[in-house]
Amino acid sequence: AGVDQHVMLDIIKRSSGDSIILRKKVATYVTSGEFGEGMSVNLFYKDQDIVCELGRELEVPMFVSNAALTVCDWARAAGLAEENWEKLITLWENLLNIKIGTKR
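Its first residue numbered -2, the sequence shown is counted upward by one per residue in our numbering.
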């Protein structure tokens, strides 16, 4: 919507959307355009798949977890399987033709 990424980050930090991941991972990417150390997309996928499987076994709908698993499938198909899971954001940047990180 054209909101400056730094302004949006500040708004989210002051709302119920605030989290450690937001402050440590997302904020770093927004302010520097750099990805830190983190688990691979494949490892993230494995963990999400376990969560989704447990949901199926318990017959509990896992809407968000299944959506995250689908995004991991998309990332793996895009060649990001061994990349830091934070690179998932680049899929959205490319799809939406926007830039969130400040450099790359």
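The beta carbon of each residue, even a glycine, is placed where N, CA and C say it ideally should be. Please read these numbers as outputs of a predicted model, since none were measured by experiment.
- Counted as a single uninterrupted DSSP element, the alpha helix (DSSP H) harbouring I86 occupies residues L85 to L93.
- The Cβ atoms of E80 and S16 lie no closer than 8 Å to each other.
- Bounds of any alpha helix (DSSP H) do not take in D15, whose DSSP letter is neither H nor E.
- If you draw a straight line from the Cα of L85 to the Cα of C69, it comes to about 8 Å.
- With contacts defined as CB atoms closer than 8 Å, N39 and A75 fail to qualify as a contacting pair.
- Here the alpha carbon of V48 sits roughly 12 Å from the alpha carbon of E56.
- Pairing Q45 with N94, the inter-Cα distance amounts to about 27 Å.
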